[in-house]
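Visitor: Could you have a look at this structure, given as structure tokens, before my questions?
Number of protein chains: 4
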Amino acid sequence: MDVVTRRRQLHRWPEPGFAEFWTAATVIGELQALGYQVRWGVDASNLDEVLGLPGPDVLADAARRAVGRGADPRLVASLGGGGTGVVADLRGREVGPMTALRFDMDALPIEESTDTDHRPTREGFRSELDGYMHACGHDGHVAIGLALAARLADCSFPGNVRLIFEAAEEGGRGAAPLVAGSAVIGVDRLLCLHLGLGLPVGTMAAGNVGFFANTKLRAVFTGRAAHAAAAPEEGRNALLGAATAVLSIHALPRFAAAATRVNVGILQGGAAPNIIPAHAELSLEVRATDGDVNEELTRRVRNVLDHAAGMHELEVSVETIGRATTADCDRELVAEVARAASTVPAFATILERHDVGASDDATLMMRAVQSQGGQATYIVVGASSPSPHHSPSFDLDEASLGPAVALLEHLVRSPMLKGANTVSASV
Amino acid sequence: MDVVTRRRQLHRWPEPGFAEFWTAATVIGELQALGYQVRWGVDASNLDEVLGLPGPDVLADAARRAVGRGADPRLVASLGGGGTGVVADLRGREVGPMTALRFDMDALPIEESTDTDHRPTREGFRSELDGYMHACGHDGHVAIGLALAARLADCSFPGNVRLIFEAAEEGGRGAAPLVAGSAVIGVDRLLCLHLGLGLPVGTMAAGNVGFFANTKLRAVFTGRAAHAAAAPEEGRNALLGAATAVLSIHALPRFAAAATRVNVGILQGGAAPNIIPAHAELSLEVRATDGDVNEELTRRVRNVLDHAAGMHELEVSVETIGRATTADCDRELVAEVARAASTVPAFATILERHDVGASDDATLMMRAVQSQGGQATYIVVGASSPSPHHSPSFDLDEASLGPAVALLEHLVRSPMLKGANTVSASV
Amino acid sequence: MDVVTRRRQLHRWPEPGFAEFWTAATVIGELQALGYQVRWGVDASNLDEVLGLPGPDVLADAARRAVGRGADPRLVASLGGGGTGVVADLRGREVGPMTALRFDMDALPIEESTDTDHRPTREGFRSELDGYMHACGHDGHVAIGLALAARLADCSFPGNVRLIFEAAEEGGRGAAPLVAGSAVIGVDRLLCLHLGLGLPVGTMAAGNVGFFANTKLRAVFTGRAAHAAAAPEEGRNALLGAATAVLSIHALPRFAAAATRVNVGILQGGAAPNIIPAHAELSLEVRATDGDVNEELTRRVRNVLDHAAGMHELEVSVETIGRATTADCDRELVAEVARAASTVPAFATILERHDVGASDDATLMMRAVQSQGGQATYIVVGASSPSPHHSPSFDLDEASLGPAVALLEHLVRSPMLKGANTVSASV
Amino acid sequence: MDVVTRRRQLHRWPEPGFAEFWTAATVIGELQALGYQVRWGVDASNLDEVLGLPGPDVLADAARRAVGRGADPRLVASLGGGGTGVVADLRGREVGPMTALRFDMDALPIEESTDTDHRPTREGFRSELDGYMHACGHDGHVAIGLALAARLADCSFPGNVRLIFEAAEEGGRGAAPLVAGSAVIGVDRLLCLHLGLGLPVGTMAAGNVGFFANTKLRAVFTGRAAHAAAAPEEGRNALLGAATAVLSIHALPRFAAAATRVNVGILQGGAAPNIIPAHAELSLEVRATDGDVNEELTRRVRNVLDHAAGMHELEVSVETIGRATTADCDRELVAEVARAASTVPAFATILERHDVGASDDATLMMRAVQSQGGQATYIVVGASSPSPHHSPSFDLDEASLGPAVALLEHLVRSPMLKGANTVSASV
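Protein chains in written order, with our numbering: chain C, 645 to 1071; chain X, 645 to 1071; chain G, 645 to 1071; chain R, 645 to 1071.
Below you can see the structure in the form of structure tokens.
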């Protein structure tokens, strides 16, 4: 299947994080057919590190739909509990380093635009899963990964190639279980790809900065229900506490020391108009371009949550449901990627430094590889979306896909790195 | 089935407003078997007046479960769209007035207590529908209505009796369609019963005051989604607007002119922690012991909603999803009920005036009957609940049930009213 | 000076609570000239009980202005520290009870209307003290008290008469020091007068209900200043804490058990737009028609203040600056007042029960008199204000003044009470 | 007077913006005595451009105190209405450019630390004006300016020197009237000095970036007073509106496009605890490192203010009380300043680029000079304050003062610029 057709197929089936059952099953099947050694579930991920797992209803629905679309039920079962991450290895014919490439698979809880100006709608590959959408380009990432896998199936490359199909990148949840599992063991070079991020088609960035460290929290407020007319004073209003927290969290100070972000992204509370709300739950994130500032801002958010609860005489429990860190791209590897890009005619503009202004828990993988002596970089390939990431009209210019495959292929086939960790083909 | 057994059967199956499919089907079957002329759906209610209909998923689930519990699928289908209200007529053997009695059937979205101190739990008739509970005594009301129906099946009473089984009293939604339909046409005397309301077993109130006029609103805020890190300023945050509204609505002034209440009972918004929330929805209620004050307070709430939206550059739409008014009990009828109560030994204390401090859209029926020249009263029979109405540990002392049946039976069999509207038995 | 001229003279010089230097000096001078035994300062009040004393600048300014208007500087000095309350006794020629009458003297921090529809403006007796106004009728009360004092100077009455000119009734501050001092010792009958309170001229109420128990608090938040651009995160924002408290205090629940009120009446904070505010101070009040509810609501307000501070990492100190309680009027005395009112032709309508819907710390005096075996009532004389109390256009219809004097004179000259505490004229 | 003694003299008398009567009078007197041509008031500033003038009471008090400290009353009078800015010219003996130097004079409304760790307190030159403090180093700036003036009085320099003593830099108010007046006419080179800004003694920055564009607003909310117990619903609560605005303004989004700041720095409202607040006033600022973002954020703040008023049925008026823009330092002039600094031994570290992270309306002067073909730079001389600017423990290391004078002297005596606007000494 060509990379554009594949991207459209994936676009129609946008599964949220840790529920990528059909997507992962498709990836596993393709890669096994191509000769890769493939592992998933507990063989790839340490499920103790899974944060922010969706509720059992969401997972069961997604699994049922995946089976309905043709996935093997036993395979789907083995992907449960946060185990949708996939790791696939292939040994090249010559001695060389292990090159790992990261592709993330998950979609977002966004209702895709029905506007006919929106190409997926106009050309008939709009999301078939109500309320979900590939609005961050991960459909393109998986399509690139599978196209690359097919090209490399000839094994004409030095060393080893490892394809990491990450679950649940959104929310900063999927990298940690893979890092704690087996995904980065032995990796010499890690290439993390992302499409878009504000760059136009024809531009690529071989190195990137400006990653936001990121903490995601869920807070559950518990109060006491009461009849809203007969005894309002008997209640303890969890929604008032949550609303106070929303405002006060957003009102926390800007920092001079780093760029910061806060967002209470979800709030749900209460049961009926005539009952004092006894329950409210919110999910939020904190970000900063500096790790210490992210810690401090997270501390202040937790303090607001505690006192918003105390103010309205509620209980509150707070748990971390996602996180990412900052990371630096290795200069040597950046230079190599830039040189490789110069061999791809489509890349008219090659940047060595670009500010992503976002978070990606690929940074956890990058740091893990660097801490074992390897090198890592984060590559952006421009995709000219007409609308921002995470909006209902986000789209990829599919002219970005082929060059991205060509770039990665070149990097695997012609590695320059000959570092201490370089392994022989026989490993 | 005796009244206590019936109440426990109903308690186990608490269906929310307009989704009382099994309950209504049971009532219809019983009454038809006893010889009543029964109507429901569009024959009883004007469905144009239905406010606050649950979503199609909730209704479909409830219908499926009702059928699964034995309800006739065709009958269930005819109850849809807000048509679960039931009206049943029986003609007595002698000339006399038409006496109508109102029993409401719906339950609340409250998770029932699992504490073994809670009798329904301890004695095995706790709710079987997760997240729903008969926490306002309507199970008892229906049980009383069916027991009364059985006793009156001998037709030994003057005039006509009409049993009105109201849907969706909670939220102030069920009376309007019945009033706009055929439920109160020709009624001379209307008796609206409620158990509990702060009175102990052995006490009853033949007349009541202190009804809250009530308006229930749903507000939907629409903003614009954006990536919370890459472009937060592109978003328009619907959750911030909603949280601002929650605080400012609760902060509206107390009124010197009447007792008032406000409660934002439900708030749901946002999609993911890393997306600026584009959507938020809240349901709320306003109450006042004076109708004009209720109107003014509702106006102010709408104004807060409009400006909370404008403040964060959102759209907002607001719809009325429920309402109730105030009403006065007719003195003559109150006196008659008090005299009738004095014939029931269980009523050690008989009040002619009690402050309910709550809303009931039975007030719409009362006003409709009074406007056509009839009389109406609202009767409370004490039930000694250990916990407030609308709380997870609410319970009825079942010793309240038998005397309530006896009282109503006496009122139907021995009416004193001989007013202008009194109709002959042959009507 | 006739009672209308006196009221207008007082209206032009509205001194706030505990700063009634010119007013008190005028009262003292008049009463001494008439032969009363007059005490003030520490001889009348226990200054340890003074709450909510204005700042030294306010007091010094007021004292300077009072001297500038002719008050004796040494007398003014003796009124300091909260000692502006005045107690004056006169012994009648016959044996009889001690009748005390309460008149409050203080004005409000309201800028009086400059509209020519407002009679004080049109007729040239508008406030001469910028930012202050007699907007609650206390100018009329003092005028009535002085007119009564003049009439009774003939000593043709049984027992003793005691005129209590209370300082600082607004804010519930002036009664406690007088009660803890010598003002109510030996009193058999206490008559507390108020003009207006919603009644028209020609109507009076001999007994009143619906007093709000009342607690007034001042909260001071202390944070940390910082440069708002260079280091906002170094600051701790006291204004954010205070604003959060304002919203959350107003959003506390209505109570089913009693009518309640909350009002944050003053907020001041911050120093400059480019400095994170390190200081904020607010003054508020809580009221309820039930003392226990007032206590509970006050507890909740304090809890909100504590957590609003904690949420923004501030210190907060909270002090009580005023209070009032509820009180009941004695039936026997109410009946006597009603009979006396029937002798005054101007009173076309005489009520024995009226709902004041306000607070007055005269209730502290009433309870003190009742606890020593005496009787007390609160009398309202209608005054037909075109605007509410405490508004810039409040005004008295001066036709209310003469009848009020006549009523009180009759009550002193012809007392019916002959209770256990009745004292001989020689005491 | 040596520069340290002068700085301490000025430190003891910190006058706020547009009220620098004693400071300006001192500057004028010194400069006239040295032979400078000095202008002030309407001769230096266009008073139509004055924003954020303090109230008449503040100005009158400051003027009275200045006269009390020895300033000539007629001179003080001529400085009123925002006219405290001073411009002084001196012609050198040779042909050359006109070099202008900006020194700001105003202090801040901060209560200076009384801690003996704070050198001004320990060594006896703490502020003598309660509630005001030189907490941003402007005392040092004026001392440097006067020391420089004395050295240059020998006229041994080419061209002309112009000393601009700016009023009211804090709040972004003083530059605009000077620019609209005569302060920058004919200027070829503008040197704007600031001490501190995070740099230690021994470090200087010849060029600076990171200026925040800045808008300062004052908003006045007007509602309706009412008795807080008797008729709360009659009121329109201006403090609730203002508190809502405070929270919602701080909760406006962070921007990806630029660093931003918001701060509501002052809020005052209400009159008494028992009156619904009819008035509230707040002063705030908005900043962004990009002018367009500053405009957009200001637009959003105004929108919040409008809707906070609408939400509580208030009127609001909003006025701009200060502003600053961004500016770029001219590279050629930066290089010249750096070379000059290298001749001053005390400067161990010389930076060509430093991020100020603050606003200064000197940027308005810089842009004006640049638009007429001149050059401008902003120079920072490190001063090792133990505490941040605008905090009660801010202090200058006085070792910074002498080198700053030497640097500026060198720049005036040995200008390199020979641009088109260079004027002859005979002009």
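Where is the CB? At the ideal position from N, CA and C, for every residue including glycine.
Given this structure, state the Cα-to-Cα distance separating R/Leu-822 from R/Asn-947, to the nearest angstrom.
Guide: For the purposes of this step, residue 822 of chain R is taken as residue 178 along the fourth sequence, with counting starting at 1. For the purposes of this step, residue 947 of chain R is taken as residue 303 along the fourth sequence, with counting starting at 1. Cα to Cα, R/Leu-822 sits roughly 31 Å from R/Asn-947.
Visitor: How long is the line joining the alpha carbons of R/Leu-678 and R/Ile-788, rounded to whole angstroms?
Guide: Locating residue 678 of chain R in the fourth sequence gives position 34, counting from the first residue. Locating residue 788 of chain R in the fourth sequence gives position 144, counting from the first residue. Going by the C-alpha atoms only, they are around 15 Å apart.
Visitor: Could you check the C-alpha separation between R/Ala-1080 and R/Gly-909 for me, to the nearest Å?
Guide: Outside the displayed range of chain R (645 to 1071) lies residue 1080 of chain R, so it cannot be described from this structure.
Visitor: Going along the segment 907-933 of chain X in order, which residues come within less than 7 Å of chain C, judged by CB to CB distance?
Guide: The segment 907-933 of chain X vs chain C, Cβ under 7 Å: Asn-907, Val-908, Gly-909, Ile-910, Leu-911, Gln-912, Gly-913, Gly-914, Ala-915, Ala-916, Pro-917, Asn-918, Ile-919, Ile-920, Pro-921, Ser-927, Leu-928, Glu-929, Arg-931.
Visitor: Write down the C-beta distance between G/Val-1025 and G/Leu-745 rounded to the nearest angstrom, noting that I regard them as a contact closer than 8 Å.
Guide: Within the third sequence, numbered from 1, the residue matching residue 1025 of chain G stands at position 381. Within the third sequence, numbered from 1, the residue matching residue 745 of chain G stands at position 101. So it is not a contact: roughly 13 Å between Cβ atoms.
Visitor: Which residues of chain C have a Cβ atom closer than 7 Å to the Cβ of G/His-951, listed in chain order?
Guide: Looking up residue 951 of chain G in the third sequence gives position 307. In chain order: His-951, Gly-954, Met-955.
Visitor: How would you list, in chain order, the residues of chain X whose beta-carbon sits under 7 Å from the beta-carbon of R/Ser-892?
Guide: In the fourth sequence, counting from the first residue as 1, residue 892 of chain R sits at position 248. Those within 7 Å of R/Ser-892 in chain X are Thr-888, Met-955.
Visitor: At the level of alpha carbons, what is the spacing between C/Asp-733 and X/Leu-752?
Guide: For the purposes of this step, residue 733 of chain C is taken as residue 89 along the first sequence, with counting starting at 1. For the purposes of this step, residue 752 of chain X is taken as residue 108 along the second sequence, with counting starting at 1. Answer to the nearest angstrom: the Cα atoms are 55 Å apart.
Visitor: How big is the Cα-Cα spacing for X/Ala-1027 and X/Leu-790?
Guide: In the second sequence, residue 1027 of chain X corresponds to position 383, counting from 1. In the second sequence, residue 790 of chain X corresponds to position 146, counting from 1. Near 18 Å, if we compare the C-alpha coordinates of X/Leu-790 and X/Ala-1027.
Visitor: To which residues of the same chain is R/Gly-1063 closer than 8 Å at the C-beta, ignoring the five residues directly before and after it?
Guide: On the fourth sequence, position 419 is the one that residue 1063 of chain R refers to. Because R/Gly-1063 sits at a pLDDT of 45, beneath the cut-off of 50, its placement in the model cannot be relied upon, and the point is left open.
Visitor: Quick check: the Cα distance between X/Asp-934 and X/Gly-851, rounded to an integer number of angstroms?
Guide: The count along the second sequence starts at 1 and reaches residue 934 of chain X at position 290. The count along the second sequence starts at 1 and reaches residue 851 of chain X at position 207. X/Asp-934 and X/Gly-851: Cα-Cα distance of roughly 18 Å.
Visitor: Have a look at G/Val-648 and G/Val-853 and give me their C-alpha separation to the nearest angstrom.
Guide: For the purposes of this step, residue 648 of chain G is taken as residue 4 along the third sequence, with counting starting at 1. For the purposes of this step, residue 853 of chain G is taken as residue 209 along the third sequence, with counting starting at 1. Straight-line Cα distance between these residues: approximately 29 Å.
Visitor: Run down chain C in chain order and give the residues with a C-beta less than 7 Å from the C-beta of R/Thr-904.
Guide: Taking the first residue of the fourth sequence as 1, we reach residue 904 of chain R at position 260. Those within 7 Å of R/Thr-904 in chain C are Arg-898.
Visitor: My output table needs one value for G/Arg-735: the three-state DSSP class, helix, strand or coil.
Guide: Against the third sequence, residue 735 of chain G aligns to sequence position 91. Correct three-state label for G/Arg-735: strand.
Visitor: Would the segment 684-704 of chain X count as touching the segment 1054-1061 of chain C if we require 3 or more Cβ pairs under 8 Å?
Guide: Judged by Cβ distances under 8 Å, the segment 684-704 of chain X makes no contact with the segment 1054-1061 of chain C, as fewer than three pairs qualify.
Visitor: I want to verify the contact list: residues of chain R whose CB lies under 8 Å from the CB of G/Glu-814, in sequence order.
Guide: In the third sequence, the residue the question calls residue 814 of chain G occupies position 170. Within chain R, the residues near G/Glu-814 are Ala-916, Asn-918.
Visitor: Kindly provide the ranges of any beta strand (DSSP E) runs that are 3 or more residues long and lie completely inside the segment 845-886 of chain C, ordered along the chain.
Guide: Fully enclosed beta strand (DSSP E) runs of 3 or longer: 847-849, 852-855, 857-866.
Visitor: Which stretch, first to last residue, makes up the beta strand (DSSP E) that contains G/Ala-1020?
Guide: Here the question's residue 1020 of chain G lines up with position 376 in the third sequence. Looking at the DSSP string, the run of the beta strand (DSSP E) that includes G/Ala-1020 is 1019-1025.
Visitor: Could you check where the alpha helix (DSSP H) with C/Val-908 kicks off and where it finishes?
Guide: In the first sequence, residue 908 of chain C corresponds to position 264, counting from 1. Unbroken run through C/Val-908 is the beta strand (DSSP E), 904-914; no alpha helix (DSSP H).
Visitor: How long is the line joining the alpha carbons of X/Gly-729 and C/Arg-652, rounded to whole angstroms?
Guide: Position 85 of the second sequence, counted from the start, is the residue given in the question as residue 729 of chain X. Position 8 of the first sequence, counted from the start, is the residue given in the question as residue 652 of chain C. Approximately 50 Å between the Cα atoms of the pair.
Visitor: Taking only the alpha-carbon atoms, compute the straight-line gap between X/Trp-666 and G/Gly-954 and give it to the nearest angstrom.
Guide: Numbered from its first residue, the second sequence carries residue 666 of chain X at position 22. Numbered from its first residue, the third sequence carries residue 954 of chain G at position 310. The straight-line gap from Cα to Cα measures roughly 51 Å.
Visitor: Taking the straight line between their C-alpha atoms, what separation do you get for C/Val-1000 and C/Pro-844?
Guide: Counted from its first residue, the first sequence places residue 1000 of chain C at position 356. Counted from its first residue, the first sequence places residue 844 of chain C at position 200. C-alpha separation (whole angstroms): 14 Å.
Visitor: Using a 10 Å radius around the Cβ and a threshold of 16 neighbouring Cβ atoms, would you call R/Met-645 buried or exposed?
Guide: Counting from 1 along the fourth sequence, the entry for residue 645 of chain R is found at position 1. Exposed, because fewer than 16 other Cβ atoms sit within 10 Å of the Cβ of R/Met-645.
Visitor: Rounded to whole angstroms, what is the Cα-Cα separation between R/Ala-872 and C/Ala-895?
Guide: The residue you call residue 872 of chain R lines up with position 228 of the fourth sequence. The residue you call residue 895 of chain C lines up with position 251 of the first sequence. Whole-angstrom Cα-Cα distance: 30 Å.
Visitor: Comparing the C-beta of X/Gly-1001 with each C-beta of chain C, is any distance below 8 Å?
Guide: In the second sequence, the residue the question calls residue 1001 of chain X occupies position 357. Interface residue, yes.
Visitor: Using CA coordinates, which residue listed in C/Pro-1036, C/Pro-1059, C/Ser-1044 is at the minimum distance from C/Met-777?
Guide: Here the question's residue 777 of chain C lines up with position 133 in the first sequence. Minimum Cα distance to C/Met-777 is reached at C/Pro-1036.
Visitor: Taking the alpha helix (DSSP H) that R/Gly-1046 falls in, what are its first and last residues?
Guide: Your numbering for residue 1046 of chain R matches position 402 in the fourth sequence. Taken as a continuous stretch (DSSP letters only), the alpha helix (DSSP H) holding R/Gly-1046 covers 1045-1057.
Visitor: Just list the residues that DSSP pairs R/Glu-674 with in beta bridges.
Guide: Position 30 of the fourth sequence, counted from the start, is the residue given in the question as residue 674 of chain R. DSSP output for R/Glu-674 lists no bridge partner at all.
Visitor: What is the rounded straight-line gap between the Cα of R/Glu-976 and the Cα of R/Ala-982?
Guide: The sequence position of residue 976 of chain R within the fourth sequence is 332, counting from 1. The sequence position of residue 982 of chain R within the fourth sequence is 338, counting from 1. Taking the straight line from one Cα to the other gives about 10 Å.
Visitor: I'd like to check one pair, X/Pro-660 with X/Asp-750: are the Cβ atoms closer than 8 Å?
Guide: Position 106 of the second sequence, counted from the start, is the residue given in the question as residue 750 of chain X. Position 16 of the second sequence, counted from the start, is the residue given in the question as residue 660 of chain X. Contact flag set, yes.
Visitor: Need the endpoints of the alpha helix (DSSP H) that C/Ser-961 sits in, please.
Guide: The residue you call residue 961 of chain C lines up with position 317 of the first sequence. Here C/Ser-961 belongs to no alpha helix (DSSP H); instead the beta strand (DSSP E) covers 959-968.
Visitor: So, helix, strand or coil for G/Ile-829, using DSSP?
Guide: On the third sequence, position 185 is the one that residue 829 of chain G refers to. Three-state result, G/Ile-829: coil.
Visitor: Closest by CA to X/Glu-996, which one among X/Ala-984, X/Ala-990, X/Gly-781?
Guide: Along the second sequence, one-based indexing puts residue 996 of chain X at 352. Answer by Cα proximity: X/Ala-984.
Visitor: Considering Cα atoms alone, identify which of X/Lys-860, X/Val-864, X/Thr-866 is closest to X/Ala-968.
Guide: Along the second sequence, read from residue 1 onward, the residue named residue 968 of chain X stands at position 324. Cα-wise, what sits closest to X/Ala-968 is X/Lys-860.
Visitor: For a test of the three-state rule: what should DSSP assign to R/Pro-753, helix, strand or coil?
Guide: Here the question's residue 753 of chain R lines up with position 109 in the fourth sequence. R/Pro-753: coil per DSSP, three-state reduction.
Visitor: State yes or no: is the C-beta of C/Ile-754 within less than 8 Å of the C-beta of C/His-1034?
Guide: Translated into the one-based positions of the first sequence, residue 754 of chain C becomes position 110. Translated into the one-based positions of the first sequence, residue 1034 of chain C becomes position 390. Taking 8 Å as the Cβ cut-off, C/Ile-754 and C/His-1034 qualify as a contacting pair.
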